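In the numbering used here, the protein residues as written are 5 to 86.
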């Protein structure tokens, strides 16, 4: 498991399946990101964009979930890069 995956898993501890990771936890993750994690975030965003392009037009729920993930990782990238 990558450091980024471990940080995200740790941030999910104590949350129900329906709960999103709070903004404060994303900020805490960003402070622990180095060059490798930033590169992984960029790679994840590109992979999500590729996945989004392959989702059927009628599958709006999946499109929404992928767009949320792209948004979250984009925000994390901004925080980690600053």
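Glycine included, every Cβ here is placed at the ideal spot set by N, Cα and C. Predicted model only: the values in this text are computed from it and were never measured.
Across the structure, residue 53 and residue 64 are spaced so that their CA atoms are roughly 15 Å apart. Scanning its chain for C-beta atoms nearer than 7 Å, with the 5 sequence neighbours on each side dropped, one finds around residue 67 the residues 56 and 59, in chain order. The residues 15, in chain order, have a CB closer than 7 Å to that of residue 29 in the same chain once the five nearest residues on each side in sequence are set aside. Only buried fits residue 41, as 16 or more other CB atoms lie within 10 angstroms of its CB.
When the alpha-carbon of residue 83 is set against those of 36, 71, 12 and 13, the nearest one is in 36.
Setting aside the 5 residues that flank it on each side, residue 34 is surrounded in the same chain by 80, 83 and 84, each with a C-beta closer than 6 Å to its C-beta; the list follows chain order. Inside the segment 39-71, DSSP marks no whole beta strand (DSSP E) run of 3 or more residues.
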